[in-house]
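Number of protein chains: 4
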Amino acid sequence: MRAYQIPAGATSVDALQQVELPEPKPGPGQVKLRVRATSLNFRDQAVIRGKYFGGPVEKPQVPLSDGAGEVVAVGPDVTRFKVGDRAAGIFTPAWASGPFPGSYVALGAQGAPGVLAEYLVLSENAFVHIPPSLSFEEAATLPCAGVTAWNALTVGKQVKAGDIVLTLGTGGVSILALQLAQAAGARVVITSSSDEKLARAKALGASIGINYKSTPEWGKAVTEATGGHGADIVVETGGPGTLPQSMAALALNGAISLLGVLTEGTIAPMPLMIKSGTLRGLMVGSRAQFEDLNTAIEANKIKPVIDKVFPFEQALEAYKYQTAGQLFGKLVITV
Amino acid sequence: MRAYQIPAGATSVDALQQVELPEPKPGPGQVKLRVRATSLNFRDQAVIRGKYFGGPVEKPQVPLSDGAGEVVAVGPDVTRFKVGDRAAGIFTPAWASGPFPGSYVALGAQGAPGVLAEYLVLSENAFVHIPPSLSFEEAATLPCAGVTAWNALTVGKQVKAGDIVLTLGTGGVSILALQLAQAAGARVVITSSSDEKLARAKALGASIGINYKSTPEWGKAVTEATGGHGADIVVETGGPGTLPQSMAALALNGAISLLGVLTEGTIAPMPLMIKSGTLRGLMVGSRAQFEDLNTAIEANKIKPVIDKVFPFEQALEAYKYQTAGQLFGKLVITV
Amino acid sequence: MRAYQIPAGATSVDALQQVELPEPKPGPGQVKLRVRATSLNFRDQAVIRGKYFGGPVEKPQVPLSDGAGEVVAVGPDVTRFKVGDRAAGIFTPAWASGPFPGSYVALGAQGAPGVLAEYLVLSENAFVHIPPSLSFEEAATLPCAGVTAWNALTVGKQVKAGDIVLTLGTGGVSILALQLAQAAGARVVITSSSDEKLARAKALGASIGINYKSTPEWGKAVTEATGGHGADIVVETGGPGTLPQSMAALALNGAISLLGVLTEGTIAPMPLMIKSGTLRGLMVGSRAQFEDLNTAIEANKIKPVIDKVFPFEQALEAYKYQTAGQLFGKLVITV
Amino acid sequence: MRAYQIPAGATSVDALQQVELPEPKPGPGQVKLRVRATSLNFRDQAVIRGKYFGGPVEKPQVPLSDGAGEVVAVGPDVTRFKVGDRAAGIFTPAWASGPFPGSYVALGAQGAPGVLAEYLVLSENAFVHIPPSLSFEEAATLPCAGVTAWNALTVGKQVKAGDIVLTLGTGGVSILALQLAQAAGARVVITSSSDEKLARAKALGASIGINYKSTPEWGKAVTEATGGHGADIVVETGGPGTLPQSMAALALNGAISLLGVLTEGTIAPMPLMIKSGTLRGLMVGSRAQFEDLNTAIEANKIKPVIDKVFPFEQALEAYKYQTAGQLFGKLVITV
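Protein chains in written order, with our numbering: chain A, 23 to 357; chain B, 23 to 357; chain C, 23 to 357; chain D, 23 to 357.
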């Protein structure tokens with residue numbers, strides 16, 4: 023089958039190779055997916071650049087965690103899927119339900135299968151059915167970014183109607199968090215360095231847009247723009263660089279969902295005490311959360327926002343486009 | 023001031039009397055409200071008919087718990103309100119926040135002030151600011167029915183986007199629960215004996231309407247209409263008469279919020295075990311819940327549905343109309 | 023291997039047969055346990071009497087869900103266990119973590135493997151490590167009764183130090199709930215028809231014992247004996263027959279954990295409203311809950327109470343002893 | 023009445039003055055307490071040194087927030103207390119129940135009454151009944167440190183039997199947290215720079231003691247000493263200086279309760295993500311939490327540990343002793 027691989031030891035996107043690999047076959051309890059669309063996350067940049075957990079990949083690695091397609095074969099004892107079903111793999115194959123089990127193996131890295139290939143074989147427990155109203159391209163945006171946004175909004179302090187939700191920037195997690203929060207009856211404040219993107223975010227349902235370039239003290243601006251209330255939930259995709267302002271924006275008893283796993287730096291935690299606030303780290307989410315996300319998407323007819331779709335042959339261009347800083351939503355590579 | 027009173031020992035709505043009472047004055051920490059609109063709840067029928075906790079009222083009682091108006095005077099030490107503020111009283115004056123404190127004294131009964139009068143004086147802690155987008159008539163529908171609907175949807179199992187919420191009938195609690203659940207991204211199933219009312223409920227956002235007259239096994243019908251899933255949350259306003267069908271409608275790990283405080287009867291609890299379900303009793307809610315409700319209403323521009331508005335002089339007609347069985351939403355009496 | 027079987031269509035304990043069965047072998051991901059001790063639950067009576075879900079067993083069934091032993095072989099790909107580990111099977115093999123997945127297949131019934139045999143082979147995901155401080159006999163009491171008691175005390179309203187916990191009778195669930203609640207800093211009220219058993223329960227840490235024969239209004243007695251507070255959590259093992267008194271005993275905002283899955287009958291739910299109480303049904307629990315239970319047991323050096331140990335040859339006597347009504351704790355059959 | 027005062031503008035403990043003040047009288051809804059014992063917190067050092075919120079006190083201030091005594095008079099409309107009751111004031115008079123209301127006014131600072139005086143008059147809502155088994159001296163240790171420890175262990179991630187709880191040092195909050203966690207069935211790890219204090223902590227029920235001087239990487243040591251598990255809950259009384267090690271000690275899905283309100287500094291939040299951990303800021307707690315704490319103390323016969331009792335005349339010596347670094351538990355000043 024056609025696939026892409028990251029060679030062992032790679033430290034740059036230019037190492038990406040298109041290869042021909044043997045077609046995998048489903049064993050007992052396994053499902054074979056014909057991948058139709060995949061999606062890039064910033065984590066995938068880290069993997070190919072050798073900056074992910076543990077450094078450069080040690081063996082040739084099919085990249086990407088997020089893909090959707092149709093089931094073309096099932097192994098013995100499979101009960102949850104049948105040929106013809108539309109499905110997506112889950113980011114952390116070992117995390118079915120409940121709290122994080124400490125399993126750090128995710129698709130597209132550390133020797134786990136990647137989705138940038140024609141076929142993907144995994145245990146049926148590592149797949150979900152995708153929402154009927156979504157295309158393969160749209161569904162491919164969900165396994166990492168979508169589930170992360172859902173986890174950020176529903177675990178710990180669950181978003182409720184009337185809450186103020188703050189999302190940072192217009193990347194895939196932020197935009198889907200905007201859509202989910204708005205569907206849940208919250209008012210959304212979004213930041214960007216671009217007034218044009220803020221306008222697009224408002225068209226998607228954001229109530230307030232703040233340009234963080236022209237308003238460096240945007241934390242205070244969030245509080246003022248919400249009548250002194252601040253953000254009940256912050257979807258913190260920026261990490262230490264943005265956390266001080268996120269804390270300034272936080273409402274009393276508010277919660278910050280911390281997602282920017284790859285960033286380093288330090289913060290002053292004292293505002294959490296003054297506000298009885300919470301800072302919660304998270305790493306994507308479980309299959310049960312993915313299923314709940316899909317239900318919410320279908321019920322509210324949410325359409326994940328795709329910035330650009332690249333054909334399979336232009337995977338490298340997709341990697342490069344992602345870091346050019348113009349993103350609004352997700353990047354998709356079809357297969 | 024003009025007011026209505028229920029005479030001591032009353033057991034019928036016809037006992038309602040219009041009277042002239044001394045105008046109350048706010049003491050330290052108290053607020054005086056010029057009541058502009060009030061709203062009827064079924065509990066008010068019980069009070070005037072002598073069937074509320076403890077039987078007929080023992081002393082002349084100004085009726086009704088739900089009213090909205092404007093602040094016309096404040097006593098010393100008041101900090102949360104000023105003259106001119108639009109406000110509503112809370113159902114249980116002693117319940118500010120947290121879980122139910124066991125305080126059964128509520129406005130309009132048991133010797134507590136009632137709102138069917140020109141003025142209402144209470145501690146400032148027993149008032150909330152009303153949503154700017156609502157009229158006095160609309161805001162008057164919230165203290166009992168609105169807070170009950172909010173409590174039913176947000177405590178214990180908090181509604182989330184994609185959930186199935188089942189509301190029973192088209193009374194005030196059910197219709198506001200419909201609106202709140204829909205604003206929270208849930209899909210709403212509603213029951214009624216009238217196809218015409220089901221059509222109106224769908225126009226308000228309900229996804230599925232079931233006529234419980236033509237479909238006596240409506241619990242099973244809810245499950246079927248939701249692809250076998252059932253209701254994640256049931257807003258149970260019917261009591262033992264409807265609980266068996268509500269349990270049949272319940273989803274795995276679902277929750278029934280039990281509100282029909284005045285009904286008696288028995289149920290078989292076994293379905294709760296099979297479904298790992300929860301049955302939770304509740305009595306309206308706290309001031310903090312009322313404030314959250316108001317925030318949710320304002321953020322989502324929800325308009326409480328008023329069936330009919332009666333002028334002050336026709337309060338008795340309002341009581342009688344309420345029990346005629348044609349309700350869709352709330353009844354309001356202006357002052 | 024030696025084993026017991028319930029013949030197809032059995033409706034009486036006398037149908038129990040000792041048989042010789044082929045020794046099972048572990049496949050990929052599977053673990054083979056040499057069962058050393060098993061334990062009886064009332065559910066096992068229902069299975070052999072043909073009164074469990076779906077009636078009499080349709081195929082010969084090895085009975086019992088609860089057993090402990092040592093790992094004697096592991097199949098390929100097993101990572102959580104090694105030969106020599108001490109382990110127990112979990113009641114619901116498909117329930118690893120999170121809320122109840124709706125899987126009603128449990129060991130010892132409905133065609134699933136039973137533990138009253140020399141060997142048990144299951145997926146490694148269906149086993150837990152047992153607490154080092156427990157014997158096989160003690161550990162064998164936990165999979166159903168122990169996990170049920172843990173679920174009853176920790177999900178929904180989690181027991182906290184100072185709470186009043188009410189347990190009904192002196193069966194296996196009640197006695198372990200007593201021990202767990204006491205270890206969690208709660209005060210335990212226990213009921214029994216025998217003053218002698220109440221004395222034994224107090225020796226185990228119960229604060230208050232109430233003889234439900236001499237005090238038929240024991241719900242009120244619980245409230246009085248706790249200074250008017252009542253029970254924050256009721257471990258309801260009795261079902262509709264005891265629920266009215268359990269509700270009378272319930273504290274404000276209290277929770278009843280409903281476990282008596284096999285009993286029928288009706289209750290009046292109104293007290294739940296007056297008390298803002300919760301009635302939650304549950305069916306044993308997940309592997310994660312079992313692991314937490316084991317951690318709690320080990321940390322607090324809790325010793326499950328065994329009423330009597332029967333040798334393998336006397337399994338039928340164990341079944342008969344269980345229904346003779348003299349239980350205090352659990353019955354064990356060694357293998 | 024006899025009292026101590028901090029003069030306006032004070033920046034040193036030596037400014038403390040004994041004075042004679044008019045005896046306060048209870049107004050409507052107020053209670054008058056004859057203070058019998060008070061207790062010092064580190065926050066009180068900040069107040070007298072001019073380092074508390076807002077700098078030096080602006081008006082003469084009676085110091086200390088924590089005191090217990092007996093009710094000697096009640097004003098009109100008081101329902102919760104009667105003369106002769108034993109009671110303690112609450113740290114934040116405006117926080118009765120529910121989440122933190124954003125009220126930063128606490129006893130002994132910012133113009134609020136202080137307890138280092140013969141009498142204390144507050145609204146009855148600002149008092150709790152004290153546990154019958156405690157002396158006034160013991161009860162006086164609870165309003166700030168005790169409620170803080172309770173909040174740290176029960177809100178967000180509530181401690182459960184079998185959990186690992188990490189407490190830092192042997193100050194008042196840490197020692198009471200140790201006692202409460204142990205009563206709740208948790209295993210407690212405690213740190214100190216003194217092996218002698220570690221031995222005393224073990225005598226109180228700590229399972230593991232770690233000398234942070236001889237083991238600078240004590241976070242890793244906690245993980246190792248708990249079989250690789252780490253701390254489910256950290257009672258973080260140290261602030262940024264200890265947080266990096268606390269995070270290293272944190273278990274998967276663990277929670278850090280952040281209490282060291284007065285310390286500044288920065289931390290690297292990334293470990294929270296890797297561990298799906300939570301960092302929660304808190305400021306003492308509500309009256310409802312205080313009442314729950316008292317119930318837990320009484321049920322488990324916990325005796326707060328008092329390092330030293332000073333007579334009223336030696337209040338200054340108490341202030342000085344507190345900062346000498348030899349504390350194990352709380353300091354008390356009798357009145």
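In this text, a Cβ means the ideal position worked out from N, Cα and C, and glycines have one as well. Bear in mind the structure is a predicted one, so any value in this text is a computation, not a measurement.
Within the continuous beta strand (DSSP E) that includes residue i, where are the two ends?
i	result
B/Q27	24-27
D/G111	108-111
B/L274	272-280
Taking only beta-carbon atoms, is residue i less than 8 Å away from chain A?
i	result
D/L188	no
D/N275	yes
B/D107	no
D/L175	no
B/D361	Since the first residue shown for chain B is 23 and the last is 357, residue 361 of chain B is missing from the structure and cannot be characterised.
Just the Cα atoms here: how many angstroms apart are residue i and residue j?
i	j	result
D/A14	B/T300	This structure cannot speak to residue 14 of chain D, because chain D is shown only from 23 to 357.
C/S155	C/R56	19 Å
D/A10	A/A223	Only positions 23 to 357 of chain D appear in the structure, and residue 10 of chain D is not among them; the question remains open.
D/I328	C/V195	40 Å
D/G76	B/W117	33 Å
C/R24	C/T170	29 Å
D/P50	B/E146	16 Å
A/V53	B/A318	43 Å
With residue i as the anchor, note down where its alpha helix (DSSP H) starts and where it stops.
i	result
B/Y341	337-344
B/G241	240-247
Quick one: does residue i have its CB under 8 Å from some CB of chain B?
i	result
C/M23	no
C/A183	no
C/L265	yes
A/A318	yes
C/P165	no
Using beta carbons (cut-off 8 Å, strictly below), is residue i in contact with chain D?
i	result
C/L202	yes
B/S119	yes
A/T288	yes
A/P29	no
Identify the contact partners of residue i in chain A, using a Cβ-Cβ distance below 7 Å as the criterion.
i	result
C/A310	G120
For residue i, go through chain D and note every residue whose CB falls closer than 8 Å to its CB, in chain order.
i	result
A/T300	G178, T300, L301, R302, G303
Compute every distance between the C-beta of residue i and the non-hydrogen atoms of the ligand ATP, then say whether any falls below 7 Å.
i	result
A/I232	For the structure depicted, the ligand ATP is absent and the ligand set is empty, with no information on it obtainable.
Please list the partners that residue i has in chain B, where partner means a Cβ-to-Cβ separation under 8 Å.
i	result
A/A206	K182, A183, A206, G207
Would a check of beta-carbon distances place residue i closer than 8 Å to chain C?
i	result
B/P115	no
Just the chain A side, please: which residues come within less than 9 Å of residue i by C-beta, in chain order?
i	result
B/A321	A183, G184, D185, I186, G207, A208, R209, S229
Whose Cβ in chain A lies nearer than 8 Å to the Cβ of residue i?
i	result
D/K242	The premise fails here: D/K242 is roughly 17 Å from chain A at the closest Cβ pair, so nothing lies under 8 Å.
Query raised in the report: Are the segment 270-284 of chain D and the segment 251-258 of chain D touching by the rule of at least three beta carbon pairs closer than 8 Å?
Result: yes
**Report entry** the segment 74-83 of chain A contacting the segment 99-109 of chain A, beta-carbon criterion three pairs below 8 Å
**Finding:** By the Cβ test, the segment 74-83 of chain A is not in contact with the segment 99-109 of chain A, since fewer than three Cβ pairs between them sit closer than 8 Å.
Query raised in the report: So does the segment 195-211 of chain D actually touch the segment 310-327 of chain D, counting three or more Cβ pairs closer than 8 Å?
Result: Yes, the segment 195-211 of chain D is in contact with the segment 310-327 of chain D.
Query raised in the report: Does the segment 329-347 of chain A come close enough to the segment 30-48 of chain B to have 3 or more Cβ pairs within less than 8 Å?
Result: no
Query raised in the report: Any chance the segment 61-77 of chain D sits against the segment 96-105 of chain D, with 3 or more Cβ pairs inside 8 Å?
Result: They do not touch, by the three-pair rule.
Query raised in the report: Would you call the segment 119-128 of chain D and the segment 120-133 of chain B in contact, with 3 or more CB pairs under 8 Å?
Result: Touching, yes, given that three or more Cβ pairs across the two stretches are closer than 8 Å.
Report task. Assess, as a yes-or-no matter, whether the segment 207-218 of chain C is touched by the segment 166-186 of chain C under the definition of 3 or more beta carbon pairs within less than 8 Å. Result -> yes
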